[in-house]
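Structure record follows, encoded as structure tokens.
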Amino acid sequence: KNKTKMALAVEENFEPKQFSLGTIITIKVTADDYGYCPQRNEGILEALNDGIVNSVSVLVNAAFVDPIPLKCCLKTAVKKLKLGLHLNLTEGRPVTSFDSVETLLDHDNEFFPKALFQEHLKLFSKTQIYQEIKNQIVLFNEIFGKNPDYIDGHQHCHIFPIITEELVKCMDEFDIQETRIPHEIVDLVDLKRNGCITENQEYFFQTVLENCITAKSIFDKREIRYPHYFIGLSTMSKSMTESSMRQAINIIKDNLRKNQPFEWTNKGDMFVELMAHPGFPCVTKDAGCSVKGPDDFAKSHDRLYELNFLKSQTAFKLLY
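Under the UniProt record's numbering, read the sequence shown as residues 1 to 320, first letter to last.
See the structure below:
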């Protein structure tokens, strides 16, 4: 019964949305961080089952990657559910032996955390970046019996140029043709002024938006598909509200009316991606990707807030 219900939810969530001017856009609603902890997995499955999620990104180096529920969904959903690799180079331990990727690791043999990642990038070996990306793809295949439908990045690590260059080589090798470019049309200063993001988040998001420009060029050369519009920076955590979602959608509509989506257009049908992090607050001590346990983001009740929104009638009406 649950399989059927989940399959029906996934089937329904792939109906296209007519945004404006007769333009039909497919909506991809991605739940990030599957595998992080049992509570996050449960929330993601609930958002898939009873909400608008139709795409799941998996952390293969996390402590609780349970493939069975998602494999079940893949069989019953007739390929309507997308399963992707949430490439992780910023949290926890690698899937490659430590001595083979030592330039990517700190003194604890863990990836440099987000706050230190960017300043250490210049010391990373390209060969070692490639090896870790490749091994995460191979591990995904071993877990799920298939290659990922797409690859995106934990904390957007995949759009830093030195990472992107090695990522596209691996995507070519494994014939993976879809990624994420988290370029949202958003005023970061306004978000900070309204208390939606902190000063540190503003700096990080600004770096992400700048790197998107370079990443886009690299992906375009390899004809790798990505969303024409992205929503996720302005709608994270308690900012995932009807008001913020409506505003993000209206910005896309205005952009379409001005006939300006094509600076971000590449191969394939047009689609919008909404990034989300649904779940229940993490209470499992050995959760996450690190021996240090779960972070504050995972333990926050904001995960439940996002889950409840993604299951709401408001979310269905806005996006489907």
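Just so it is clear, CB atoms sit at the ideal spot from N, CA and C, and this is done for glycine as well.
- Item | Q136 vs V60 beta-carbon contact at 8 angstroms | Here residue 136 is taken as the residue at index 136 of the sequence shown, counted from 1. Here residue 60 is taken as the residue at index 60 of the sequence shown, counted from 1. Contact flag set, yes.
- Message: Cutting at 6 angstroms between CB atoms, please list the residues of its own chain near S237, excluding the five before and the five after it.
- Response: On the sequence shown, residue 237 is found 237 positions in, with the first residue counted as 1. For S237, where only same-chain residues beyond five positions count, the Cβ hits under 6 angstroms are D302.
- Task: Could you tell me if N41 is buried or exposed, where buried requires 16 or more neighbouring beta carbons within 10 angstroms of its beta carbon?
- Result: Taking the sequence shown and counting its residues from 1, the one referred to as residue 41 is at position 41. So N41 counts as buried.
- Per DSSP, what kind of secondary structure is F271 in: helix, strand or coil? Residue 271 sits at position 271 when you count from the first residue of the sequence shown. Residue state, collapsed to three classes: strand.
- Item | Candidates E242, V56, F174, F297, of which the one nearest P74 by Cα | Taking the sequence shown and counting its residues from 1, one reaches residue 74 at position 74. Correcting the residue type first, residue 74 is Leu in the shown sequence and not Pro. By alpha-carbon distance to L74, the top candidate from E242, V56, F174, F297 is V56.
- Message: Please list the terminal residues of the continuous beta strand (DSSP E) segment that includes I176.
- Response: Position 176 of the sequence shown holds residue 176. From DSSP, I176 is part of no beta strand (DSSP E); its letter is neither H nor E.
- Query: Considering F230, what are the terminal residues of the beta strand (DSSP E) in which it resides?
  - Reply: Counting from 1 along the sequence shown, the entry for residue 230 is found at position 230. Unbroken beta strand (DSSP E) run through F230: 229-231.
- Item | K75, enclosing alpha helix (DSSP H) - first and last residue | Indexing the sequence shown from 1 puts residue 75 at position 75. For K75, the enclosing alpha helix (DSSP H) covers residues 67-76.
- Rounded to whole angstroms, how far is the Cβ of Y229 from the Cβ of I252, which I believe are closer than 8 angstroms? For the purposes of this step, residue 229 is taken as the residue at position 229 of the sequence shown. For the purposes of this step, residue 252 is taken as the residue at position 252 of the sequence shown. The C-beta distance from Y229 to I252 rounds to 5 angstroms, short enough to meet the 8 angstroms contact threshold.
- Closest Cα partner of L123 within the set N200, D106, D295: Here the question's residue 123 lines up with position 123 in the sequence shown. Put simply, of N200, D106, D295 the residue whose alpha carbon is nearest the alpha carbon of L123 is D106.
- Output the distance between the C-alpha atoms of I163 and F112, rounded to the nearest integer angstrom. Position 163 of the sequence shown holds residue 163. Position 112 of the sequence shown holds residue 112. So the two alpha carbons sit approximately 14 angstroms from each other.
- Message: Residues in the same chain with beta-carbon distance under 6 angstroms from R222, minus the five sequence neighbours each way, listed in chain order, please.
- Response: Taking the first residue of the sequence shown as 1, we reach residue 222 at position 222. Excluding sequence neighbours, R222 sits near V168.
- Message: Taking only three categories from DSSP, how would you classify S97?
- Response: Translated into the one-based positions of the sequence shown, residue 97 becomes position 97. Three-state result, S97: coil.
- Alpha carbon to alpha carbon, what distance is there between G153 and V291? In the sequence shown, counting from the first residue as 1, residue 291 sits at position 291. In the sequence shown, counting from the first residue as 1, residue 153 sits at position 153. When rounded, the distance between both Cα atoms is 21 angstroms.
- Task: Compute the Euclidean distance between the alpha carbons of G84 and D66, then round it to the nearest angstrom.
- Result: Indexing the sequence shown from 1 puts residue 84 at position 84. Indexing the sequence shown from 1 puts residue 66 at position 66. So the alpha carbons of these two residues sit roughly 14 angstroms apart.
- Query: Smallest Cα separation from D220: which of A248, E91, T179, E202?
  - Reply: Position 220 of the sequence shown, counting from 1, holds the residue named residue 220. Checking every option, the nearest Cα to that of D220 belongs to T179.
- Give the single residue among Q118, T198, E199, L87 whose Cα lies nearest to the Cα of D149. The residue given as residue 149 occupies position 149 in the sequence shown. Here the closest residue by C-alpha is L87.
- Query: With burial defined as no fewer than 16 other Cβ atoms inside 10 Å of the residue's Cβ, what is the status of V283: buried or exposed?
  - Reply: Walking along the sequence shown from the start, residue 283 turns up at place 283. Flag for V283 reads exposed.
- Message: Let me check understanding here. Comparing Cα to Cα, which of A315, L256, K285 lies closest to residue 381?
- Response: Because the chain here runs from 1 to 320, residue 381 falls outside it and cannot be looked at.
- Item | L45 versus P69 - alpha carbon distance | Position 45 of the sequence shown, counting from 1, holds the residue named residue 45. Position 69 of the sequence shown, counting from 1, holds the residue named residue 69. Straight-line measurement puts the Cα of P69 at about 8 angstroms from the Cα of L45.
- Query: Nearest CA to the CA of K71: which residue from K114, E202, F140?
  - Reply: Position 71 of the sequence shown, counted from the first residue, corresponds to residue 71. The shortest C-alpha separation from K71 is found at F140.
- Task: Could you please give me the residues that DSSP links to L85 through a beta bridge?
- Result: For this step, residue 85 is matched to residue 85 along the sequence shown. BP columns for L85 point to V58, I151.
- Task: Note the first and the last residue of the continuous alpha helix (DSSP H) segment covering P182.
- Result: The count along the sequence shown starts at 1 and reaches residue 182 at position 182. Looking at the DSSP string, P182 is not in any alpha helix (DSSP H), and its letter there is neither H nor E.
- Query: Mind checking whether I159 and N200 have CB atoms under 8 angstroms apart?
  - Reply: For this step, residue 159 is matched to residue 159 along the sequence shown. For this step, residue 200 is matched to residue 200 along the sequence shown. By the CB criterion at 8 angstroms, I159 and N200 fall outside the cutoff.
- Query: Looking at L310 and V101, is the spacing between their C-beta atoms short of 8 angstroms?
  - Reply: By 1-based counting over the sequence shown, the position of residue 101 is 101. By 1-based counting over the sequence shown, the position of residue 310 is 310. At a Cβ-Cβ threshold of 8 angstroms, V101 and L310 do not count as neighbours.
- Could you tell me the boundaries of the alpha helix (DSSP H) in which G43 lies? In the sequence shown, residue 43 corresponds to position 43, counting from 1. Here the alpha helix (DSSP H) through G43 covers 38-50.
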